[in-house]
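Residue numbers (our numbering): 40 to 338.
As structure tokens, then:
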């Protein structure tokens, strides 16, 4: 999802692929500022946004002090991850709900055109294949938590750009943005996912060249009053040999914070387990006819 973990893995994979190919990297036009963008960058106000991001993540994850305790820290989200290589583009779509503090979330999505459903409630994990729900282990599923990895951006927020205020779903928001190259991102990030890459940077000029010409830009929309994160967009562009490029755009929007109806729409794991056993019995009997598609959320 919109997590730093997935975006970081993509950047690492692209970097290593380029290095293994032995190609010389030629920056594409997407990796540099246009004259207009350069002027806009110099006119933007720079702020230390570390405290703002810390507060926003904690408020969004733990719930606002003014929220009702029974509906605190739960919300809806929708988003997508788009990957482009030259003229080829694939987009994965996501939508779902999250409930804290029990680490419960439902994801309905489509990855590279293939639909899927994922359900978690604490240590209960379920995936849907076709019309059938089955139990999964933790190592079989991706970290679909859309807020995983946000705090890894903290060291980079010391010199963030403050963009003009915007409204997201009629909510006035502070807008902050960080734009750096891939090398700086790897060196400053506290994410454990980058440890191996950090160790390779010092004596690898090819890797340094790739990352220095890689653009990483992330933008956050944070409610001016309630300090919830309402929107996040991250854009990574890596140059390819011959002037082409690879880019990844991750976009997520979060809404209906504290919606008391979320709990009623997501079935408890006991109900999902009934469906799993029901399907298992039908599969063993070799008879799936008559089974209607059921999902752990009511319409």
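Idealized CB from N, CA, C, for every residue including glycine.
Quick check on residue i: does DSSP put it in helix, strand or coil?
i: residue 139; result: coil
i: residue 208; result: coil
i: residue 300; result: helix
Residue i to residue j, Cα distance in whole Å?
i: residue 308; j: residue 156; result: 15 Å
i: residue 245; j: residue 275; result: 19 Å
i: residue 190; j: residue 127; result: 32 Å
i: residue 324; j: residue 318; result: 10 Å
i: residue 321; j: residue 304; result: 26 Å
i: residue 218; j: residue 200; result: 8 Å
i: residue 208; j: residue 257; result: 20 Å
The alpha helix (DSSP H) spanning residue i covers which residue range?
i: residue 229; result: Element bounds for residue 229: n/a, residue is neither H nor E.
i: residue 98; result: 89-101
Quick one: residues in its chain with C-beta nearer than 8 Å to the C-beta of residue i, no 5 flanking neighbours on either side, listed in chain order?
i: residue 315; result: 165, 172, 173, 174
i: residue 139; result: 100, 101, 102, 111, 112, 113
i: residue 148; result: 131, 132, 133, 134, 135, 154, 155, 156, 157
Flag residue i as yes when its Cβ comes closer than 8 Å to any non-hydrogen atom of the ligand SAM, and as no otherwise.
i: residue 211; result: Summarising the ligand content, the structure contains no ligands, and the ligand SAM is consequently not present.
With burial defined as no fewer than 16 other Cβ atoms inside 10 Å of the residue's Cβ, what is the status of residue i: buried or exposed?
i: residue 299; result: exposed
i: residue 167; result: buried
i: residue 262; result: buried
i: residue 278; result: buried
i: residue 242; result: exposed
i: residue 213; result: buried
i: residue 85; result: exposed
Please list, in chain order, all residues of the same chain as residue i whose beta carbon is under 6 Å from its beta carbon, the five residues on each side excluded.
i: residue 130; result: 119, 121
i: residue 196; result: 88, 89, 92
i: residue 142; result: 161
i: residue 115; result: 136, 294, 295
Going by beta carbon distance, what residues of the same chain come within less than 7 Å of residue i, once the five residues before and after it are set aside?
i: residue 250; result: 54, 220, 221, 222, 225
Starting from residue i and walking both ways along the beta strand (DSSP E), at which residues does that stretch end?
i: residue 118; result: 113-124
i: residue 295; result: Unbroken run through residue 295: none, as it is neither H nor E.
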